[in-house]
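Asker: Positions in the sequence shown are counted from 1; adding 292 to them yields this note's numbering. Even glycine gets a Cβ: it sits at the ideal position worked out from N, Cα and C. Bear in mind that the values here come from a model prediction, so they are computed numbers and not experimental data.
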Amino acid sequence: MSGRTPLVILGAGGFGPEVAWAARNANSVSPQHALVGFCDDDPTKAGGRTADLPVLGAPEDAAQALAERPRFICAIGNNAIRAKVVARALALGWTPTTVIDPSVIVAPGVVVGDGTYVGAGSILSPNARIGNYVLINHHCSIGHDSRLDDYVSVQPGGRISGGCHLAEGASVASNGVVAPGRRVGRYATVGAASFAIRDVPDGHTVIGTPARAIAKKA
Numbered sequence: 293m294s295g296r297t298p299l300v301i302l303g304a305g306g307f308g309p310e311v312a313w314a315a316r317n318a319n320s321v322s323p324q325h326a327l328v329g330f331c332d333d334d335p336t337k338a339g340g341r342t343a344d345l346p347v348l349g350a351p352e353d354a355a356q357a358l359a360e361r362p363r364f365i366c367a368i369g370n371n372a373i374r375a376k377v378v379a380r381a382l383a384l385g386w387t388p389t390t391v392i393d394p395s396v397i398v399a400p401g402v403v404v405g406d407g408t409y410v411g412a413g414s415i416l417s418p419n420a421r422i423g424n425y426v427l428i429n430h431h432c433s434i435g436h437d438s439r440l441d442d443y444v445s446v447q448p449g450g451r452i453s454g455g456c457h458l459a460e461g462a463s464v465a466s467n468g469v470v471a472p473g474r475r476v477g478r479y480a481t482v483g484a485a486s487f488a489i490r491d492v493p494d495g496h497t498v499i500g501t502p503a504r505a506i507a508k509k510a
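1) Per the DSSP calculation, R439 is bridged to which residue(s)?
2) Less than 6 angstroms between C-beta atoms, sequence neighbours within five positions excluded: which residues of the same chain meet that for S466?
3) Within 10 angstroms of the Cβ of A381, are there 16 or more other Cβ atoms? Answer buried if so, exposed if not.
4) What distance in whole Å lies between the Cβ atoms of A459 and V476, which are believed to be in contact at a cut-off of 8 angstroms?
5) For I368 versus L302, is the C-beta distance shorter than 8 angstroms?
6) Under the assumption that G329 contacts P351 (Cβ atoms under 8 angstroms), give the Cβ distance between them as a whole number of angstroms.
7) The alpha helix (DSSP H) that contains K337, what's its start and end?
8) On the criterion of 16 or more Cβ atoms from any shown chain inside 10 Å, does A354 qualify as buried, or is it exposed?
9) Within a Cβ cutoff of 7 angstroms, which residues of the same chain sit near M293, ignoring the five residues on either side of it in sequence?
10) Near S395, what residues of its chain come up, given a Cβ to Cβ distance below 7 angstroms and the 5 sequence neighbours on each side ignored?
11) Which whole-angstrom value is the C-beta distance of G349 and C331, which I expect to be below 8 angstroms?
12) Does the beta-carbon distance from L416 to V402 come in below 8 angstroms?
Take a look at the structure:
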């Protein structure tokens, strides 16, 4: 473990092991993460194991037990909940870290923020700007000159075309597509296998091909 930074993964659900897998893959290329375990608010998970790592309880409980303040990455798929849990970790003095699977293709000019995860087989095209605490899952493509703000999520197979803007908390579900130059608003959602050919207003959910609005968050 010499030279590796202690890393805690926030969220011991199904997505947590995927992030642990990517961190281990990254270690196989350049050792950097000392995986300490998971934090989760579910009391039934505390003391158990996930992906062969201990579940340390809630972040506040883990902070009392750990010998030093770790780095963290949040593996919670719900963007609004992820933002709240990240705020708690930051209040504990923990430092965010970014985990990028080594199979990811990163083009020149790409910028990736703190606390962001990029899964296996994804492509980040030239001059893409990825914010903080973003989740980009397996086999996604982020087009040239696109901008993903903080707390965005793109699920497996998501396709973000060139010049798009995904505002804070926006979600693109599995195999969703955003047409070139379109904007997906704050905490808006493009449904699974849907094609957003127009801008998606803040808080709206759109589905279908072409995607049409079905709901708006209160």
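Answerer: With the structure as the only source:
1) Taking the sequence shown and counting its residues from 1, the one referred to as residue 439 is at position 147. Answer by DSSP bridge pairing, in chain order: R421, H457.
2) Position 174 of the sequence shown, counting from 1, holds the residue named residue 466. Contacts found: Q447, P448, G449, A484.
3) In the sequence shown, residue 381 corresponds to position 89, counting from 1. A381 should be labelled buried.
4) As a first step, residue 476 must be located in the sequence shown, where it is residue number 184. As a first step, residue 459 must be located in the sequence shown, where it is residue number 167. Confirmed, Cβ separation roughly 7 angstroms.
5) Looking up residue 368 in the sequence shown gives position 76. Looking up residue 302 in the sequence shown gives position 10. A contact, by the Cβ cut-off of 8 angstroms.
6) For the purposes of this step, residue 329 is identified with residue 37 of the sequence shown, where counting begins at 1. For the purposes of this step, residue 351 is identified with residue 59 of the sequence shown, where counting begins at 1. Wrong, their Cβ atoms sit about 11 angstroms apart, outside the cutoff.
7) On the sequence shown, position 45 is the one that residue 337 refers to. No alpha helix (DSSP H) contains K337, which DSSP labels as neither H nor E.
8) As a position in the sequence shown, residue 354 is number 62, starting the count at 1. Flag for A354 reads buried.
9) Within the sequence shown, residue 293 is the residue found at index 1, counting from 1. Because M293 carries a pLDDT of 44, less than 50, the predicted location of this residue cannot be relied on, and no value is offered for it.
10) Residue 395 sits at position 103 when you count from the first residue of the sequence shown. Excluding sequence neighbours, S395 sits near A412, G413.
11) Here residue 349 corresponds to residue number 57 of the sequence shown, with the count starting at 1. Here residue 331 corresponds to residue number 39 of the sequence shown, with the count starting at 1. Rounded, the Cβ-Cβ distance is 7 angstroms, consistent with contact.
12) Within the sequence shown, the letter at position 124 stands for residue 416. Within the sequence shown, the letter at position 110 stands for residue 402. Yes, these two residues count as a Cβ contact at 8 angstroms.
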